[in-house]
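What follows is a short report on a single structure.
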Amino acid sequence: MQISKMAVRASAMATGAQAAALPLVVGASDPQHADAAERGLALPADGLMIGFATVGALLAVFAVAALGYLYRRERHLDWEFQKPDVPHH
């Protein structure tokens, strides 16, 4: 049985999201930990703008990389070192 790469990636992302949310769950369930969690820094006024700009910049980088890949693929720009080795018999 083979597991597809997409299923593995989705599972890894879900596991990472659960691990990231674990401190929030523990803080909400235990008042002692909740008091400690409240001592964190408050979100600055432009915190959401910084987050959106970061996500936008990452999406722009991925879009440029995808366009470059599609251009290279459409033009058949392959180099010798990228091709599989030919078996020598």
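Take the sequence shown: its letter number 47 is residue 1218 in our numbering, and every next letter is one higher. Where a beta carbon is used, it is the ideal one built from N, C-alpha and C, also for glycine. Note that this is a predicted model, so its numbers are computed, not measured.
Please report the distance separating the alpha-carbon of M1177 from that of A1185. CA-CA distance, M1177 to A1185, rounds to 12 Å.
Starting from the C-beta of A1237, find all residues in its chain whose C-beta is less than 7 Å away, skip the five residues before and the five after it, and write them out in chain order. Excluding positions up to five away in sequence, the list is empty.
Which residue comes first and which comes last in the alpha helix (DSSP H) that contains F1233? Run containing F1233: G1218 to E1245, per the alpha helix (DSSP H) assignment.
Can you give me the C-alpha to C-alpha distance between F1223 and A1213, rounded to a whole angstrom? Going by the C-alpha atoms only, they are around 18 Å apart.
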